[in-house]
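Q: As they're listed, the protein sequences go chains G and V.
Following this note's numbering, the numbering of the first sequence begins with 1 at its first residue and continues without gaps.
Following this note's numbering, the numbering of the second sequence begins with 530 at its first residue and continues without gaps.
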Amino acid sequence: MKSSSGIPIAKFYGPKKDAECVDKEMTQFEVPGKFPFTRGNTTEMYRSEPWLMGSYSGFGSAEEANSRFKELLASGTTSLNIALDLPTQQGLDSDHPLASGEVGRVGVAIDTLDDLERLLDDIDLSQVRNLSCIANAVSPILLGMFVVLAEKRGINAEDLRLYLQNDSLKEITARGNYIFPALASVKLSVDVMEYCRKHLTKSSTISFCGYHFRESGCTAIQEIAFTLANARAYMAEAIRRGLTADDLGPTLNMFLAAGMDLFEEISKFRATRRLWAHMMRDEFGAHDPKAQAITIRCYTSGSQLTAQRPLNNIVRTTIEALAGVLGGVQAMVVSSMDEALCIPSRETQQVALDTQYILYNETGIPHTADPLGGSYYVEQLTDILENAILKELSKIEEQGGAIAAIKKGYIQTILSESSYSLQREIEEGKRIIIGVNKLQRQAYDEHLPDLFRPDSEGESRQICRLLKLKDSRDANAVLKALTRIKEATMTGENVVPAVTEAVRLYATIGEITDVLKNAYGEAHDLGIF
Amino acid sequence: MISESFEKTFPLRILIAKSGLDGHNRGAKIVARALADAGFEVIYTGLRQTPEQIVASAIQEDVDAIGLSVLSGAHISVFTNVLRCLRESGASDISIFGGGIISAEDAIELKRCGVAEIFGPGTSLLTIVNFVRHLTKEAYLNKGV
Numbered sequence: 001m002k003s004s005s006g007i008p009i010a011k012f013y014g015p016k017k018d019a020e021c022v023d024k025e026m027t028q029f030e031v032p033g034k035f036p037f038t039r040g041n042t043t044e045m046y047r048s049e050p051w052l053m054g055s056y057s058g059f060g061s062a063e064e065a066n067s068r069f070k071e072l073l074a075s076g077t078t079s080l081n082i083a084l085d086l087p088t089q090q091g092l093d094s095d096h097p098l099a100s101g102e103v104g105r106v107g108v109a110i111d112t113l114d115d116l117e118r119l120l121d122d123i124d125l126s127q128v129r130n131l132s133c134i135a136n137a138v139s140p141i142l143l144g145m146f147v148v149l150a151e152k153r154g155i156n157a158e159d160l161r162l163y164l165q166n167d168s169l170k171e172i173t174a175r176g177n178y179i180f181p182a183l184a185s186v187k188l189s190v191d192v193m194e195y196c197r198k199h200l201t202k203s204s205t206i207s208f209c210g211y212h213f214r215e216s217g218c219t220a221i222q223e224i225a226f227t228l229a230n231a232r233a234y235m236a237e238a239i240r241r242g243l244t245a246d247d248l249g250p251t252l253n254m255f256l257a258a259g260m261d262l263f264e265e266i267s268k269f270r271a272t273r274r275l276w277a278h279m280m281r282d283e284f285g286a287h288d289p290k291a292q293a294i295t296i297r298c299y300t301s302g303s304q305l306t307a308q309r310p311l312n313n314i315v316r317t318t319i320e321a322l323a324g325v326l327g328g329v330q331a332m333v334v335s336s337m338d339e340a341l342c343i344p345s346r347e348t349q350q351v352a353l354d355t356q357y358i359l360y361n362e363t364g365i366p367h368t369a370d371p372l373g374g375s376y377y378v379e380q381l382t383d384i385l386e387n388a389i390l391k392e393l394s395k396i397e398e399q400g401g402a403i404a405a406i407k408k409g410y411i412q413t414i415l416s417e418s419s420y421s422l423q424r425e426i427e428e429g430k431r432i433i434i435g436v437n438k439l440q441r442q443a444y445d446e447h448l449p450d451l452f453r454p455d456s457e458g459e460s461r462q463i464c465r466l467l468k469l470k471d472s473r474d475a476n477a478v479l480k481a482l483t484r485i486k487e488a489t490m491t492g493e494n495v496v497p498a499v500t501e502a503v504r505l506y507a508t509i510g511e512i513t514d515v516l517k518n519a520y521g522e523a524h525d526l527g528i529f
Numbered sequence: 530m531i532s533e534s535f536e537k538t539f540p541l542r543i544l545i546a547k548s549g550l551d552g553h554n555r556g557a558k559i560v561a562r563a564l565a566d567a568g569f570e571v572i573y574t575g576l577r578q579t580p581e582q583i584v585a586s587a588i589q590e591d592v593d594a595i596g597l598s599v600l601s602g603a604h605i606s607v608f609t610n611v612l613r614c615l616r617e618s619g620a621s622d623i624s625i626f627g628g629g630i631i632s633a634e635d636a637i638e639l640k641r642c643g644v645a646e647i648f649g650p651g652t653s654l655l656t657i658v659n660f661v662r663h664l665t666k667e668a669y670l671n672k673g674v
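1. Is the number of C-beta pairs between the region 545-559 of chain V and the region 516-524 of chain G that are closer than 8 Å three or more?
2. Output the distance between the C-alpha atoms of G/T77 and G/N313, rounded to the nearest integer angstrom.
3. Less than 8 Å between C-beta atoms, sequence neighbours within five positions excluded: which residues of the same chain meet that for V/C642?
4. So, is the C-beta of G/N312 closer than 9 Å to a C-beta in chain V?
5. Just mark G/N518 as buried or exposed, buried being the case when its beta carbon has 16 or more other beta carbons within 10 Å.
6. For the region 295-320 of chain G, which residues have a CB atom closer than 8 Å to at least one CB atom of chain V, in sequence order?
7. Using a Cβ cut-off of 8 Å, which residues of the region 196-224 of chain G contact any Cβ in chain V, in chain order?
8. When DSSP builds the beta bridges, which residues end up paired with V/V571?
9. Taking a cut of 8 Å between CB atoms, which residues from the region 346-373 of chain G lie near chain V?
10. From the DSSP output, read off the bridge partner residues of G/N130.
11. Give a yes or no on whether the C-beta atoms belonging to G/L252 and G/S203 are separated by under 9 Å.
12. Mind checking whether G/E264 and G/A220 have CB atoms under 9 Å apart?
13. Using a Cβ-Cβ cutoff of 8 Å, what residues of the region 109-127 of chain G are near chain V? List them in chain order.
14. Taking just the CA atoms, how far does G/G510 sit from G/S100?
15. Output yes or no for whether 9 Å exceeds the beta carbon distance between G/I384 and G/A229.
16. With a CB to CB cut of under 6 Å and the five nearest residues on each side skipped, what residues in its chain are close to G/L422?
17. So, helix, strand or coil for G/Q399, using DSSP?
18. Which ranges does the beta strand (DSSP E) cover as unbroken runs of at least 3 residues, wholly within the region 335-413 of chain G, from first to last along the chain?
19. Given G/Y299, which residues of its chain have a CB within under 6 Å of its CB, disregarding the five upstream and five downstream residues?
20. Among residues of its own chain, excluding the 5 on either side of G/R504, which ones have a beta-carbon nearer than 6 Å to its beta-carbon?
21. Quickly, what does DSSP pair V/S598 with across the bridge? List them, please.
22. Can you list, in chain order, the residues of the region 604-632 of chain V whose Cβ is nearer than 7 Å to any Cβ on chain G?
23. Taking 9 Å as the threshold (beta carbon to beta carbon), is V/V571 in contact with chain G?
24. How is the alpha helix (DSSP H) around G/A546 delimited, first residue to last?
25. Classify V/M530 as helix, strand or coil using the three-state DSSP reduction.
26. Please confirm if G/N177 has its CB atom under 9 Å from at least one CB of chain V.
27. Starting from the Cα of V/G602, find the closest Cα among V/S586, V/G629, V/A587, V/C614 and give me that residue.
28. So is V/I531 buried or exposed if we call it buried at 16+ other beta carbons inside 10 Å?
29. Can you find the residues in the same chain that come closer than 8 Å, C-beta to C-beta, to V/A620, ignoring five residues on each side of it along the sequence?
30. Could you round the C-beta distance between G/I365 and G/L390 to whole angstroms and report it? I think they count as a contact, below 8 Å.
31. Compare the beta carbon distance of G/A507 and G/T205 with 9 Å and say whether it is the shorter of the two.
32. Taking a cut of 7 Å between CB atoms, which residues from the region 68-90 of chain G lie near chain V?
33. Along chain V, in chain order, which residues have C-beta atoms closer than 9 Å to that of G/S335?
34. Closer than 7 Å, Cβ to Cβ, to anything on chain V: give me those residues from the region 405-422 of chain G, in chain order.
35. For G/Y234, which three-state DSSP category applies?
36. Is V/V674 helix, strand or coil when you go by DSSP?
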């Protein structure tokens, strides 16, 4: 690996200039690929494995998304992202009154297995390196659908590389696609984790999310503290049920935001890896280094983009993406420049994806691991953030942990306070945003690519399809399968097998969710502002 | 004459509402807070309200205006449904303003349907507070107080 003028670049650097000395002094300073992984999960970092470059967007119908997926695969993409519409994410069928206007709006509608079959029609799942689906409260149902789909295609579920987000606690406090109360949310997420460990060993089990807290307006410190508090709740339950930290560790990941404060963000990623490694080793007893290093997925912060002069957002997302790369993340999605205006169009998505390709191929940044390691500023900021996060985390523990803090509205109150004071700082000009509170120039004729227009007929088509499908089912068999789920909720067993059997008979996401709601109750927004 | 302490003398009431399944509540909560700080009495519905529930709360709480926030793209159906429910309940005197990720074209369409104003991303709280102040004062005075 050489710089543009031919200087050889070492895998990573330490206090001595000579890269040769680095290996001998490994114990005296933090080294990439070694506990506590502050400097990165592996020694080679992006030299041996580029970060996964993804994009995220919704497509109204399964057919539209299917043809886009085929295009992506043909162009060499190995990672597919399935965005679900809001009714699906909240366990409502497309014909539910609350779903009106939302069907196929921010993603595809999946009412039954049939929708997933059409979505992935003629796509070779063994070719997909990462099949990602943002399912949280409905993750047991989506998992069941993928399992049956694989079976029908003659693929071993074992070989699927699924990524279900599966973090429903953060839905209650930040993202809003909650269904069940906090305690039941943890139970169901752990059901999915447990099932995946047994039957889908190449799949991710859960993604602890901080992104949505951050987008709700909190600080980088709070983002990580809330993420760790939730992670602790899931891990404690998983371990109580007999899973081990060593077994789960490599299947866990975090989903975090990359914001505009470049050095704080870089230091945040570094501090997070260090905190996690300690938590896994000291609290949950992980001995395997692979279980101590956390895979970080980051998404550039959509809320820091502006509707004013949207082309400027390309610059913003580039800096945020840079924070992710310099912070050593394993996967990234860059927001499209039009995110503050609409659902991203094809062209703006391409610019967002190209931003990552440019960073990887043209800048030389991936040549060495943790290029900012050893910077007085970054190292100190990493330590300071680590301590501040621990302090914030201990406040949640004082509330009785994440589940209790959510029930009391503690997290929600902090988010409200934090986002309001951030907004005040913008209003008072203490935080400058070009085009919003400074240099509010009139836009010239900005050639923003065409905005995304949703298909207005999609909703009624989806409802018709659902009603037809329901008519064609063996109603008695469906009813029996749903009753079986109810029994599973009463015995406290893992619900995924029973859910999978219902899914196979084309029970709808709404029918299955209703059974689970009857058993576990529902979460409600406390309306804190 | 309307004085600066109008809000203090006649506490105007605003319902901030989230309809449909959209979970983006940051903007709604910030606006609720800013209006409360400016002297309004603010009620926030929380997430996932139906148009019927929103209108029922508005009538029950005797509010002067409803602020609706939609970021999921479902704004046309959400706003028009709330307007329809208001008409059907004989409560058309309650004005509606709103915000979210709403295109300029759609904002024009919504205003044509009777929405008082649509505030896009990056709008200052002061602009919103001043607008609501003006809007509700007019409504209040028209009621014959």
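Beta carbons: idealized from backbone N, C-alpha and C, even for Gly.
A: Straight from the coordinates:
1. no
2. 25 Å
3. F608, T609, L612
4. no
5. exposed
6. S303, T306, A307, Q308
7. E215, S216, G217
8. V/I543
9. none
10. G/S79
11. no
12. yes
13. none
14. 14 Å
15. no
16. G217
17. coil
18. none
19. Y211, V333
20. V148
21. V/K547, V/G628
22. S606, V607, I630, S632
23. yes
24. Residue 546 of chain G falls outside the range modelled here, since chain G spans only 1 to 529, and no answer is possible.
25. A caution first: V/M530 carries a pLDDT of 40, below 50, which makes its placement in the model unreliable, though a value can still be read off. Reduced to three states, the DSSP call for V/M530 is coil.
26. yes
27. V/G629
28. With a pLDDT of only 45 at V/I531, under the threshold of 50, the placement of this residue in the model should not be trusted; the figure read from the coordinates follows. Answer is exposed; the Cβ neighbour count stays below 16.
29. V584, A587, I588
30. Not a contact, Cβ separation roughly 30 Å.
31. no
32. L86, P87, Q90
33. In chain order: nothing, as chain V lies at least about 13 Å away.
34. S416, S419, Y420
35. helix
36. Residue placement at V/V674 is poorly supported in this model, since its pLDDT is 47, which falls under 50; the coordinates are not used for a value here.
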